């Protein structure tokens with residue numbers, strides 16, 4: 003495993019992934035060796051790991067470090083499962099990417115809204131590459147289903163409390179809103195939407211909106227959001243693991259689930275091109291560019307601060 007375990011920014015995230023990976027491996031695990039990495043030493047450490055007998059590499063985690071490997075794919079002799087996504091990497095054959103992309107969740111939002119016969123969406127995203135990338139993905143998925151070529155959108159910045167009400171005055175009608183926001187911003191934006199477009203407006207969001215904090219989530223009444231099975235629809239085995247995990251409050255639960263699925267993917271990558279596999283992060287499949295997608299994600303509605311699973 004090539005993870006930034008010593009990095010101030012990514013170390014905690016890496017620890018969560020590692021713990022999930024080892025939990026999935028269990029006592030009968032093959033030999034697993036951890037190598038702390040950073041953007042400067044990643045290629046050297048990768049080559050060292052292979053020299054020492056690694057026949058599968060998991061990691062790295064940060065996009066900058068992954069980019070180094072992506073640009074040197076000819077030097078990757080063993081299957082490599084990077085735990086994040088780059089925009090448009092060239093795929094040679096040993097390099098796979100798996101992570102918790104909001105783009106997969108965004109596609110699920112578009113699919114569900116369309117299936118619910120909603121045709122006039124309003125999308126609210128933060129400014130910057132991340133938010134505008136989500137808008138583009140929603141737009142593409144919407145058009146694929148026959149939707150309008152340009153959906154209504156509000157791109158907000160740090161001054162969203164003044165900008166969004168002004169922008170909402172320009173919106174004549176909408177039959178659903180797709181709100182992309184942090185848990186602390188979301189209640190304010192939700193109230194703007196209700197005040198402007200009525201309290202019957204369906205408000206959709208992605209997993210980012212759900213904090214798991216009862217008091218914070220209570221301010222998001224009736225917001226519908228998509229998340230992973232590990233969070234919303236845990237099976238018996240997952241529930242047992244979560245009981246242990248609850249004692250480690252610092253652990254990032256979603257990244258722990260990423261680690262769980264990463265381990266199980268080691269023996270399934272070849273099959274994913276033709277068959278989906280049901281993991282803790284969703285139904286997983288791989289395309290011809292080595293990108294692993296999550297699909298068929300569960301949905302919930304927030305009621306009194308608690309997620310109520312939807313069909």
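In the working numbering, the protein residues as written are 3 to 313.
We put the beta carbon where it would ideally sit given N, CA and C, even for glycine.
Since this is a predicted model, take the numbers as computed values, not measurements.
The stretch 33 to 51 makes no contact with the stretch 232 to 239, as fewer than three CB pairs between them are under 8 Å. Straight-line measurement puts the Cα of residue 270 at about 47 Å from the Cα of residue 165. The beta-bridge partner set that DSSP reports for residue 80 is empty. Residues 104, 108, 127, 182 of the same chain have their beta carbon placed closer than 6 Å to that of residue 136, with the five preceding and five following residues left out of the count. Per DSSP, residue 167 lies in no beta strand (DSSP E); the unbroken alpha helix (DSSP H) holding it starts and ends at 162 to 170. Of the candidates 274, 201, 227, 200, 227 places its Cα closest to the Cα of residue 211. In this structure, the CA atom of residue 57 is about 15 Å from the CA atom of residue 84. Here the C-alpha atom of residue 157 lies approximately 13 Å from the C-alpha atom of residue 179.
Taking the Cβ atoms as the reference, residue 170 lies roughly 4 Å from residue 198, within the contact range of under 8 Å. With a beta-carbon spacing of about 16 Å, residue 39 and residue 80 fall beyond the 8 Å limit used to define contacts. The straight-line gap separating the alpha-carbon atoms of residue 229 and residue 168 is approximately 31 Å. Nearest C-alpha to residue 99 among 214, 298, 289, 201: 289. A contact between stretches requires three or more CB pairs, one per stretch, nearer than 8 Å, and the stretch 111 to 125 meets this requirement with the stretch 141 to 151. Of the residues 77, 106, 220, the one whose Cα lies closest to the Cα of residue 93 is 77. The C-beta distance from residue 41 to residue 70 rounds to 6 Å, short enough to fall under 8 Å.
When secondary structure is reduced to three states using DSSP, residue 258 falls in the helix class. Contact between the stretch 255 to 275 and the stretch 19 to 38 is established, with three or more Cβ pairs separated by less than 8 Å. The three-state reading of DSSP puts residue 280 in strand, counting E and B together. In this structure, the alpha-carbon of residue 185 lies about 33 Å from that of residue 72. Bounds of the alpha helix (DSSP H) holding residue 112 are 104 to 117. Taking a cut-off of 8 Å for Cβ pairs, the stretch 291 to 304 and the stretch 217 to 226 touch, as three or more such pairs fall below it.
Each of 88, 292, 268, 299 was checked against the Cα of residue 280, and the nearest Cα belongs to 299. One thing to note: residue 203 has its Cβ within 8 Å of the Cβ of residue 176.
For residue 8, same chain residues with a beta-carbon under 7 Å away, outside a window of 5 residues either side, are 38 in chain order. Straight-line spacing of the CA atoms in residue 272 and residue 133 works out to 33 Å. In the structure shown, residue 32 adopts coil according to DSSP, grouped into three states. Around the beta carbon of residue 35, fewer than 16 other beta carbons sit within 10 angstroms, so the residue counts as exposed. In the structure shown, the three-state DSSP call for residue 52 is helix.
CA-to-CA, the gap between residue 120 and residue 247 works out to about 39 Å. Across the structure, residue 266 and residue 26 are spaced so that their CA atoms are roughly 7 Å apart.
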